[in-house]
Amino acid sequence: PSAIPQSEEIKKACEKSLLARGFGGTGWALGWKVCLWARLGNAENTLKLIKNQLYPISVGTITLHKGGGSYPNMFDAHPPFQIDGNFGVSAGIAELIKNGAVPKEWKGYAKGIKLYGGKTLDVTFENGVVKEC
13 PSAIPQSEEI KKACEKSLLA RGFGGTGWAL GWKVCLWARL GNAENTLKLI KNQLYPISVG
73 TITLHKGGGS YPNMFDAHPP FQIDGNFGVS AGIAELIKNG AVPKEWKGYA KGIKLYGGKT
133 LDVTFENGVV KEC
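Position 38 (the sequence shown) corresponds to 50 in the working numbering; numbering is contiguous.
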């Protein structure tokens, strides 16, 4: 569950607002969208944005496919570079896993995700389902 419970009406309003903003963006804006979709527990929309962040961008080009992307060294390709994109997307991935919302195409595990209150989360997942927590 998310850290702050919200009504279904508020969640639907947030989703509508995020859909209006689309799935493009660079830097902090892309990272922020990842975190917001993750907080809503929407794994598939979060994954669309993560893929935008990881889209390979060649050094020296400023061609934005739909926004976002990463240079070969994995730095955020918000020309010339913005660490907020890297940190935001990483935080969003942790938020997604913490909420038990995992994209269907992911298989794997996460260890050591820090939670409020000093607790730590270790989790395995496959096909969008948390197997062990």
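For every residue, glycine included, the Cβ atom is placed at its ideal position computed from N, Cα and C.
In angstroms, rounded to a whole number, what distance separates the CA positions of S14 and A50?
-> Position 2 of the sequence shown, counted from the start, is the residue given in the question as residue 14. Position 38 of the sequence shown, counted from the start, is the residue given in the question as residue 50. With a pLDDT of only 47 at S14, under 50, the local geometry of the prediction cannot be trusted, and the value read off the model is given with reservation. About 9 Å.
Just curious, the alpha helix (DSSP H) that I69 is in, first and last residue?
-> Your numbering for residue 69 matches position 57 in the sequence shown. No alpha helix (DSSP H) holds I69; DSSP gives it neither H nor E.
Ignore the nearest five residues each way along the sequence and tell me which others in K123's own chain have a CB closer than 7 Å to its CB.
-> To locate residue 123, count along the sequence shown from 1; it is residue 111. Hits under 7 Å: D134.
Could you tell me if F93 is buried or exposed, where buried requires 16 or more neighbouring beta carbons within 10 angstroms of its beta carbon?
-> The residue labelled residue 93 in the question sits at position 81 within the sequence shown. Burial is judged here by how many other beta carbons sit within 10 angstroms of a residue's own beta carbon; F93 has fewer than 16 and is exposed.
With a Cβ-Cβ cutoff of 8 Å, do L31 and G80 count as a contact?
-> Here residue 31 refers to the residue found at position 19 of the sequence shown. Here residue 80 refers to the residue found at position 68 of the sequence shown. No, Cβ-Cβ distance for L31 and G80 is not below 8 Å.
When we look at the beta-carbon of N85 and count the other beta-carbons within 10 Å, is it buried (16 or more) or exposed?
-> Position 73 of the sequence shown, counted from the start, is the residue given in the question as residue 85. So N85 counts as exposed.
Measuring CB to CB, does W44 end up less than 8 Å from G100?
-> Your numbering for residue 44 matches position 32 in the sequence shown. Your numbering for residue 100 matches position 88 in the sequence shown. At a Cβ-Cβ threshold of 8 Å, W44 and G100 count as neighbours.
Hey, quick one: how far does the beta strand (DSSP E) through E27 stretch, first residue to last?
-> Here residue 27 corresponds to residue number 15 of the sequence shown, with the count starting at 1. Counting along the chain, E27 falls outside any beta strand (DSSP E), though it belongs to the alpha helix (DSSP H) covering 20 to 33.
Element boundaries [beta strand (DSSP E), containing S39] = Numbered from 1 along the sequence shown, position 27 holds the residue referred to as residue 39. The question names Ser, but residue 39 in the sequence shown is Gly. G39 -> not in any beta strand (DSSP E); alpha helix (DSSP H) instead, spanning 39 to 51.
For the beta strand (DSSP E) holding A122, just list the boundary residues, first then last.
-> In the sequence shown, the residue the question calls residue 122 occupies position 110. In the DSSP assignment, A122 falls within the beta strand (DSSP E) that extends over 119 to 126.
Compute the distance between the beta-carbons of G53 and N111, then report whether it is under 8 Å.
-> Sequence index remark: in the sequence shown, residue 53 carries index 41 (1-based). Sequence index remark: in the sequence shown, residue 111 carries index 99 (1-based). Yes; because the gap between Cβ atoms is below 8 Å, this pair is in contact.
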